[in-house]
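Residue numbers (our numbering): 2 to 320.
Heads up, the beta-carbon is just placed ideally off N, CA and C, and yes, glycines get one too.
Predicted model only: the values in this text are computed from it and were never measured.
First the structure, in the form of structure tokens, and then the observations on it.
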Ligand SMILES: CCC[C@H](NC(C)=O)C(=O)O
Ligand SMILES: NC(=O)OP(=O)(O)O
């Protein structure tokens with residue numbers, strides 16, 4: 002595996018989940034693999050979990066991470082080819098990507114969707130430019146339309162906490178948020194869950210007008226009645242996203258979609274999941290996120306092992 006841009010870059014999601022769970026038992030056993038290797042982490046947007054867990058994963062593998070808040074500290078980049086750069090942009094992504102490739106053995110990038118131009122976001126302007134011009138592997142730390150490190154951590158967490166059942170019911174539930182948030186986490190969770198069609202029944206519940214892109218939810222049941230969606234569920238994965246149809250807009254902040262104990266009561270003792278950061282008592286009530294069924298902290302811990310198993314595969318490919 003050269004790049005990790007999507008969960009589908011993994012040879013097998015199921016095998017990788019098992020390898021990650023095994024890796025957790027002895028996370029420092031592969032220190033020689035990353036010795037004298039440098040990973041550059043470029044953040045065009047804020048982060049807590051991704052920033053710290055990816056550094057920890059790199060250190061566990063013997064690598065040296067170097068971190069840059071590209072949005073605040075780097076030059077404003079031009080992404081269009083052939084542009085006469087006489088306006089605000091100081092550097093073309095071609096030079097930036099080639100130069101950073103000389104400093105780093107792997108480049109990790111976080112660049113959220115702008116939520117203004119659907120075509121531009123769907124084209125993954127930043128990530129695809131680095132894939133095009135960089136000469137080293139690229140790791141996606143959340144791009145315009147995907148968050149594959151999160152999705153892999155979610156798969157590891159579900160594997161560790163699943164009840165003994167033939168088929169599990171996973172519910173991806175929208176919840177309200179005052180700001181316009183990207184579709185990336187919802188997209189990648191759906192993508193991961195739907196890749197396990199034999200193991201999971203996938204239900205996606207949200208208000209009308211908040212459908213995710215149909216290509217990414219093919220095979221899921223779309224349910225506009227949230228409580229009905231929750232019936233018999235084994236996992237409730239909650240995330241806000243802005244409208245995809247009315248691209249980037251916050252058309253609904255209906256607080257009745259917040260996750261509460263009475264909704265969790267109709268599930269089959271479901272675990273509550275969220276990628277974090279989460280707005281308490283907007284997305285989810287304290288009574289739910291503080292309950293014994295909430296596994297959000299264990300889920301966040303798995304971000305280290307999600308990044309570590311992916312970096313291990315990329316390093317093994319470099320040999
Ligand atoms: C991991 C989540 C990152 C981001 N969240 C916010 C609050 O911007 C999002 O919704 O994509
Ligand atoms: N879940 C996640 O990616 O968290 P951060 O945005 O804090 O990195």
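query: Straight-line Cα distance separating residue 259 from residue 207; result: 11 Å
query: Alpha-carbon spacing of residue 210 relative to residue 290, whole angstroms; result: 27 Å
query: Burial state of residue 183, where buried means 16 or more other Cβ atoms lie within 10 Å; result: buried
query: For ligand 2, residues whose Cβ lies under 5 Å from any non-hydrogen atom; result: 48, 49, 50, 51, 276
query: Check: residue 148 C-beta below 7 Å from any heavy atom of ligand 1; result: yes
query: Ligand 1 heavy atom lying under 7 Å from the CB of residue 185; result: yes
query: Exposed unless 16 or more other CB atoms sit within 10 angstroms - verdict on residue 9; result: exposed
query: Of the residues 56, 91, 63, 59, the one placed nearest residue 72, counting alpha carbons only; result: 91
query: Residue 57 - containing alpha helix (DSSP H), residue span; result: 50-61
query: At least three beta-carbon pairs within less than 8 Å, the segment 217-224 to the segment 241-257; result: no
query: Backbone CA spacing between residue 119 and residue 126 [nearest angstrom]; result: 11 Å
query: Any non-hydrogen atom of ligand 1 within 7 Å of residue 151 CB; result: yes
query: In DSSP terms, what residue 109 is bridged to; result: 42, 140
query: Alpha-carbon spacing of residue 234 relative to residue 80, whole angstroms; result: 44 Å
query: Identity of the residues DSSP links to residue 190 by a beta bridge; result: Residue 190 pairs with nothing; no bridge assigned.
query: DSSP-derived helix/strand/coil call for residue 18; result: helix
query: Sequence-distant residues of the same chain with beta carbon closer than 6 Å to residue 253, five excluded per side; result: 208
query: Check whether residue 344 and residue 108 have beta carbons under 8 Å apart; result: Residue 344 cannot be examined here, being either before or after the span of the chain that is shown, 2 to 320.
query: Nearest-angstrom Cα separation, counted from residue 30 out to residue 116; result: 41 Å
query: Of the listed residues 166, 283, 53, nearest to residue 178 (C-alpha basis); result: 283
query: Length of the line joining the Cα atoms of residue 139 and residue 263; result: 43 Å
query: Residue 165, buried or exposed, once every other Cβ within 10 Å from all chains shown has been counted against 16; result: exposed
query: Whole-angstrom distance between residue 172 and residue 238, CA atom to CA atom; result: 6 Å
query: Alpha helix (DSSP H) runs contained entirely in the segment 227-290, provided each spans 4 or more residues; result: 227-231, 262-265, 287-290
query: Host beta strand (DSSP E) of residue 174 (start-end); result: 169-175
query: Beta carbon of residue 70 nearer than 8 Å to that of residue 113; result: no
query: Closer than 7 Å: residue 278 CB and nearest ligand 1 heavy atom; result: yes
query: For residue 2 and residue 315, believed in contact at Cβ under 8 Å, the rounded distance; result: 6 Å
query: Residue 85 (DSSP reduced to helix, strand or coil); result: coil
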